[in-house]
Structures are given as structure tokens and as C-alpha cells.
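Colleague:
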Amino acid sequence: MDSALQRLHRADHPALTTALIILLFLGSWRSTMIIAVSIPLSILSSIIVLSAMGETMNTMTLGGLALAIGILVDDATVTIENIHRDWWPDLSLDREMLKAAIAKNGLSS
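For what it's worth, this note's numbering labels the leading residue of the sequence shown as -6, then goes sequentially.
(1) Checking contacts by CB at 8 Å: is I73 closer than that to chain D?
(2) Using alpha carbons as the reference points, say which of V66, K92, D79 lies closest to I36.
(3) Taking a contact to mean a Cβ-Cβ separation below 8 Å, would you say R15 touches T72 in this structure?
(4) Take A29 and list the residues in its own chain whose beta-carbon comes closer than 8 Å to its own, dropping the five residues that flank it on each side.
(5) Secondary structure at G63, three-state DSSP: helix, strand or coil?
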């Protein structure tokens, strides 16, 4: 358990890099913080469950956690983008107006 926490402590630079990349693509501090907080909470909860079940942190477990982090970030990003789209429906209206203008001029979309 202690070595797992030490590995988790060494993972702060990749986590910071991930948060910066998410901030770059989403452009929202609030959305970035939601995703950045969900990553360590998920890892800590999985370490607690693994410890309670008497499992070890071997290479396969760490690989599974790495895949789970990727899935977590992807799902959180898609969910937050959908929330933003529903909050600002005028953006979809702009897209529809652009499509109608392109269709009227005879260009394919």
C-alpha cells in the first residue's frame, strides 16, 4: 500500500500535464478542475478497494488503472462537452444558419 501511494505521488507531473492538455482543448477552468479532481479520486478509491480485497499492485493492475484513467478522462470530456452544448444552445443555431447559407449557395456541407 505504501509503495502504491509513493507511485501515486510520483504521478503528479503527468497528471498536471493531462490537466493542461484538457484545459487547452476545453478552454474552461471549471471543466478542467472537474476532470483533474476525478482522476486522483478514482485512483485512490481503486487502491482502497484493492487493499480491502487483499490484492497487490502488480503490473497488470497498474496497466488496468492506466487504461481506466484514459477512459475516465474521455468520458468526462464528452459529458462536459454535452453539458456545455445544452447550456448554450445558440451555438447550434449558428451552425444551422451556416448550413442553410451553404445549402442556399449550392455548396455541399
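Quick reminder that beta carbons are idealized off the backbone N, C-alpha and C, glycines included. Note that the coordinates shown come from a computational prediction; the quantities given were computed from them, not determined experimentally.
Modeller: Reading it off the structure:
(1) Judged by its chain identifiers, the structure shown contains no chain D, having just a single protein chain.
(2) Taking the sequence shown and counting its residues from 1, the one referred to as residue 36 is at position 43. Minimum Cα distance to I36 is reached at V66.
(3) By 1-based counting over the sequence shown, the position of residue 15 is 22. By 1-based counting over the sequence shown, the position of residue 72 is 79. For the record, residue 15 in the displayed sequence is Ile; it is not Arg. No.
(4) Here residue 29 corresponds to residue number 36 of the sequence shown, with the count starting at 1. Cβ neighbours of A29 beyond the five flanking positions: A8, T11, A12, I15.
(5) Taking the first residue of the sequence shown as position 1, residue 63 is located at position 70. Three-state result, G63: helix.
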